Structure formats: C-alpha cells, structure tokens
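Residue numbers (this note's numbering), protein chains in the order written: chain A, 1 to 367; chain B, 1001 to 1319.
Report on the structure given below.
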C-alpha cells in the first residue's frame, strides 16, 4: 500500500467511510426488504452512470455541429436574408453566444424535458419527435417480433441437427441475412410484392386511398379501420428491418445452444427419458438464453436508432428520417433532440436487458 | 499461420468466401481494363437501354465515339451487357468501378477502426485504473451513439460547400466524398474491437511471460508492442475482416442517402439511389449494383466466419 500523506481527506478514506455508512444503513433494513433495496440501489446507480454517457453523446454531437461551417440562420432565411432579422434570430436561438454557453443552456433545457424549438418546422421539438419516435417504435416492435421468432426458431432447429443439411442451409441463409444491404432488399421486395404482385403498398405508413370510404365500409369500427388501413403497410418494411437481427439472432442461438447441448445435465435429462422437445425447449434454451437476450436488446436499440435506410426506402415517417432531414436542413434542435432520445433509448434498453438476466437466471444478483 | 490456409480450404463456405473476396479485389485492381466503357461516359442515344443492347461506335481506332460522322473509317460493335442508366452510362462498367470505391473505403476505414480500437483497448486493458475508466466511458459513449447517425452528422459537416472545395483540391480525380467516408466510418466502428482487445489484454497481462518481460526491465511500450499485440492478432484479423463487410455496407448506405460518393462517380450505393425511382421500368439499374454489393459483403462475411473458426473459435459468442 502506498504511504499515506498528510492529506486527511483522501479517496481511500472517503470510500471506506462511505462503505461503513452503507453497512450501517443496511443493518437496519429488515431481512425481507433487502433484495428490493439492492435492486433500487442498482437502478439508481445505473441511472447515475447513464448521465456521463448522455452528456458525452450530446457533447460530441454539439461540437461537430458547432464546428460545421454552415449557418442555420442563413439556410432557414434563404433568399429573404436580412442582416437585422438574422441578428434577431441568432439572439433568439442563442447562436450569438460562445459554444460553451450554448451547450450549457442546451443541457439546462434538456434536463427539464424541453428540447427546444425547431428552426425549420416551426414547432416544439419534443412533441414533433415524439410522434416520429412512436412511428419508429411501432415498426421496430413488428420487426423484432419477426426477428426473434424467426431467428430463435432457425437457430434451435440448426443446433439440434448440427452438421446436417438443415443446419447448413439455415446458417447460409443467416450469413446472407447479415450480408444483404437492407435498402436493396427493401427495393427488391417493393419490386416483387408491391409493384409486380401488388399484395402490399409500396410505401408510407398509413392508408393512402380514400379514408372516408374505408371508414364507411368498416361501419365506424376503429380497430377494423386501423387493421384495414395500416397492417399491410407494416409487412414489407417490418420484414426488411427484421432481416439483419433475425440472422444475428439465428447465428447466436445456434452457437449458444450448441454450447449448452454438450453439457452433462442435458445428457442426464435425455437419459432419464424426457422427450427431445422438452429437453431442448425447456432445459437447454433457458440456459442458452442470456447471450441471446443481450443480442436481442442490442438489436432492438440499434433498430430504434438505425432504421434510417429502411425508413428512407419505404418513406416511413420515423425518427431516423426526421433526423436526416434535420441534418440536411441545419435544424440543430431536431438533431440534438433526436440524438438525446436515441442515446436515452439505448441506455434504457441496456438496463432492461440487464434486469431480464435476473429473471432468466436467479443466480444473477444486482450489486 | 501456415496451417491456417489449409484449414480454411477444408471448409466449403470459407473457400467460397475467399474466392469471392479474391474476385472482388481483382476486379477493383483491374477495372480500368475490364470495363468495356468509361463509367462516366454518357451515350445520349442509348439511355435506359436493356441488358445486351448493341451499340456501334465509329471513328478512329483510339477513340471510337458515338458522335463521329458515319463515314468514319473504323467501326466497333459493343454491347451494354447490363444495360444503361437514364444518362446512357454503361451499368456493367459502373458496377465494376464501384468495386474499387467499395473496397478502398472498406479497407481504409477498417484500418482506422483497428488502429483506434487497438490503441484504446491495449491502453485501457494494460494500464487500468483511471485511464481504463475514462477510455471505457468513451467507448460506451461511442457505442451508445448509433454509428450510422454519427457518420451522417460527420458527413453532413464535411459535405458543406466550403469544406468540399478544399477536399476537391486535394483529391484530384477521386470523388471528394471519399475523405468524409474514411473519417466517418473510421471514427465509428472501433468500439467492438476496443472491447475485445481490452478483454484479451486483461487476460494476457496476468500471464507469467509478461511478468518475466517486466522483470527483465522491458519498457511498457515494448511489452505492448512486442508481447501483447502479437497475441491479440487472431481476434484482430477476424474482427477486422468482418468490419470490412460492415464498412462496405455502411459506405453503400451512406452513398444511398446521398451523403457519400456523389454521382456521376460510380459507387454501388449511389447507383441504387439513382436507380430507385426507375425500379419498375428499368430494373437492371437497381438490381445489378445491389447484387454486386450483396455478393461482396457475403464474401467478406464467409471469409471472416471461416477465419474465426480457425483462428479464434471463442469469438463465436461475440460476433
């Protein structure tokens, strides 16, 4: 141990004092409440740990945008550029302030849930991005259901018959799935199922025909209306968005299952006469699930944030599309707000993933 | 490593991957001789020609051109094997030249990824302490940031007219968008590599030969460069190969959004973006570049899978 210097408030002493205090508090908590308290403390710690990540992400983004040579005021005003009004706008948007002041103001506003006012859309950013985010969330949920169902089924089938033709074909399809460019796949699906066979609409999120006629046809049944107007729009983009995570989940399920299937307890379970189905689906899958859940979570977050290409191909009014438009139009509040939402989603999904570990494997403890 | 190739050849998929990668590399190196036409030449009389259309070029033997007078001495009959686009440019030549852009961007961006990831991973794993905390927070931050989006923001900044002018002056005949792609993709794809390398270094640095190296007075730099990094090569090669596939896909995606390589320069993503509105009338314009792209990426992924199984099977759960 390093020799202690004269400074009495060093880090070691401070942390020792903190853990003493913690132990003292813990002794007073009744036995039955302790797991809950541990979980609460874990949640609080995770929330605190997310703050530097969020600050870092927005700082990087803010710095890049500040370094960009374009002037949003000039872009927004276009040909009607007028020096006086421009100066007013700059003052209103805070663009005349030094970088660090702008960033400080942004953090202050964001902490209160206010994402500012869009330069171009002329509306509050938070509700604008909220609707876009919900559109992306709906599409992502559909895609994730397809991906998890298809991917896990394929992976399990493949792992039960390793080295057989089924395994070979499934794994080849999975490599194809991670290799195919999603935007190209989307275009090909449009070409086949939307323009050649016309089973599904080419693009957009909602009913493009005559909504009033449809409303009359379904006799005012809201659910039926939604079903007829909307579900077809989810099929092609949902499947397109699902390909990559489906392939990743299939590959991971296979390797994770293969590892578990070689363990002794599986042999025991088979030896005592349980059916293969039961052993695979109940005994093996549960233990193979942790890496799979991690990857499902990661991909869910990736889809929520990285669906720009699919949204572009299918003209989906989602968050990624809104942000790319925001970047092209120098609409900084929209970009920063979107970045904030995405980073927040990422942190939240990771937390949920870590919490599900405890559900899958009771040995996992949150400390 | 000499056994690696033999082991790779034992797997049919890895062999196929290697062949595809080799083919892509050969095409990228030799596309100026392979391509039947100049990829940016516009044959105005033959716009949207279907695959296999013949064209008669008249004129001198050095420069046959569609605009020469009919009484010119030489005649050359050529075919647009994959058709032409709305500007009368040969799709086959553009697909072949697209391989060059894709591979160059994929390789350079991956080299940057590997360098950054290796630096962050080894420093963080080897020195530990506060440096580890800071670097891993940085990695988390970049990881929490959707890579595609950061790339878009960086590219949007670099695509501004003022910056573009400077880039044009340094890039000569190359499309200036390529520099933005290097930076954007190089800065975004390194987090996975950094984490794996950190884990590897953490495990390695406790081993006795590192202790021995330290005991005989090796400097930190020597231990890292001579003893640690060579032992991280297996996961680096595997992750690097897969990263090439990812970077090629990202390049195509960004060019598809109009942020990377700009037309008329030939890139697969750009061609897909141009061909999208004409998909139903001239499908060849949008189908063939996508096929080339999918095939190339598939090759790198198969190759990477094969390398992983041979070099570092433990990575299976991480990739």
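Glycine included, C-beta positions come from ideal geometry on N, C-alpha and C.
These numbers come from a predicted model, not from an experiment.
Next item on the list: For chain B, find out if any of its Cβ atoms is closer than 8 Å to the Cβ of residue 226(A); answer yes or no.
Entry: Among the residues facing chain B, residue 226(A) is not included, as its CB has no counterpart in that chain under 8 Å away.
Next item on the list: With 9 Å as the C-beta to C-beta threshold (strictly closer), list the residues of the stretch 189–200 of chain A near chain B in chain order.
Entry: 190, 191, 195, 196
Next item on the list: Along the alpha helix (DSSP H) that carries residue 1127(B), what are the first and last residues, could you check?
Entry: That run of the alpha helix (DSSP H) goes 1091–1127.
Check: Whose C-alpha, out of 1289(B), 1161(B), 1077(B), is nearest the C-alpha of residue 1268(B)?
Finding: 1289(B)
Note to self: Determine whether the beta carbon atoms of residue 1179(B) and residue 1171(B) lie at a separation below 8 Å.
What the structure shows: yes
Next item on the list: Could you list which residues in chain D have their beta carbon closer than 7 Å to that of residue 1039(B), in chain order?
Entry: Structure shown: chain D not included; protein chains present are A and B.
Notebook entry, point to check: Is the Cβ-Cβ distance between residue 180(A) and residue 1014(B) less than 8 Å?
Noted result: no
Next item on the list: Could you work out which residues of chain A lie near residue 1101(B), taking near to mean beta carbons separated by less than 7 Å?
Entry: Simply none; closest approach about 15 Å.
Next item on the list: Spatial neighbours of residue 1023(B) within its chain, please: CB distance less than 8 Å, with the 5 preceding and 5 following residues excluded, ordered by chain position.
Entry: 1299
Next item on the list: Measure how close the beta-carbons of residue 347(A) and residue 53(A) come, nearest whole angstrom, since I'm counting them as under 8 Å.
Entry: 6 Å
Next item on the list: Give the DSSP-derived three-state secondary structure of residue 300(A) in the structure shown.
Entry: helix
Notebook entry, point to check: What are the uninterrupted segments assigned as alpha helix (DSSP H) that are 4 or more residues long and contained completely in the stretch 188–270 of chain A, given in chain order?
Noted result: 211–217, 222–261
Check: Once you ignore the five residues that flank residue 1318(B) on each side, which residues in its own chain have a CB closer than 6 Å to its CB?
Finding: With a pLDDT of only 49 at residue 1318(B), under 50, the local geometry of the prediction cannot be trusted, and the value read off the model is given with reservation. Answer for residue 1318(B): no residue qualifies.
Check: In chain order, what residues of the same chain have a beta carbon less than 6 Å from the beta carbon of residue 1167(B), not counting five sequence neighbours either side?
Finding: 1176, 1179
Checklist line | Straight-line gap, residue 189(A) to residue 1191(B) (C-alpha atoms, nearest Å) | finding: 33 Å
Notebook entry, point to check: Of the residues that make up the stretch 55–79 of chain A, which ones have a beta carbon closer than 9 Å to any beta carbon in chain B?
Noted result: 55, 56, 57, 59, 60, 61, 64, 65, 67, 68, 69, 70
Item checked: Members of the stretch 1278–1290 of chain B near chain A, C-beta cut-off 9 Å -> 1279, 1280, 1283, 1286, 1287, 1289, 1290
Item checked: Entirely enclosed beta strand (DSSP E) segments - the stretch 45–94 of chain A, minimum 3 residues -> none
Checklist line | Residues that residue 328(A) contacts on chain B, provided the C-beta gap is smaller than 8 Å | finding: Those within 8 Å of residue 328(A) in chain B are 1156.
Item checked: Neighbour list for residue 178(A) in chain B, Cβ cutoff strictly below 7 Å -> 1301
Check: Taking all protein chains shown into account, do 16 or more other C-beta atoms lie within 10 angstroms of the C-beta of residue 44(A), making it buried, or fewer, making it exposed?
Finding: exposed
Checklist line | Distance between beta carbons of residue 152(A) and residue 249(A), contact taken as under 8 Å | finding: 6 Å
Checklist line | Cβ neighbours of residue 1086(B) in the same chain (closer than 7 Å, five flanking residues each side left out) | finding: 1047, 1048, 1278
Next item on the list: List the DSSP bridge partners of residue 103(A).
Entry: Paired residue(s): none; residue 103(A) is not in a bridge.
Checklist line | For residue 1209(B), three-class secondary structure by DSSP | finding: helix
Next item on the list: Since I believe residue 1188(B) is in contact with residue 1147(B) (beta carbons under 8 Å), could you give me their beta-carbon distance rounded to a whole number of angstroms?
Entry: 4 Å
Notebook entry, point to check: Quick one, which of 82(A), 251(A), 62(A) has its alpha-carbon nearest residue 172(A)'s?
Noted result: 251(A)
Notebook entry, point to check: Applying a beta-carbon distance threshold of less than 7 Å, which residues of chain A neighbour residue 1152(B)?
Noted result: 324, 327
Check: Does the stretch 63–79 of chain A touch the stretch 89–103 of chain A, meaning 3 or more C-beta pairs lie closer than 8 Å?
Finding: Contact check between the stretch 89–103 of chain A and the stretch 63–79 of chain A: three or more CB pairs, one atom from each, fall below 8 Å, which counts as touching.
Item checked: Nearest-angstrom beta carbon gap, residue 253(A) and residue 156(A) [assumed within contact, 8 Å] -> 6 Å
Item checked: Contact check, residue 1131(B) vs residue 1124(B), beta carbons under 8 Å -> yes
Next item on the list: Look at residue 143(A) and residue 241(A) and say whether their C-beta atoms are less than 8 Å apart.
Entry: In contact: residue 143(A) and residue 241(A) (Cβ atoms closer than 8 Å).
Notebook entry, point to check: Would a C-beta distance cut-off of 8 Å place residue 1196(B) and residue 1239(B) closer than the cut-off?
Noted result: yes
Next item on the list: Pull up the distance between the alpha-carbon of residue 174(A) and that of residue 1302(B), whole angstroms please.
Entry: 11 Å
Checklist line | Other residues of its chain near residue 1120(B): CB distance less than 6 Å, five sequence neighbours each side excluded | finding: 1135, 1194
Notebook entry, point to check: Do you know whose CA, among 1088(B), 1261(B), 1052(B), 1105(B), lies nearest residue 1081(B)'s CA?
Noted result: 1052(B)
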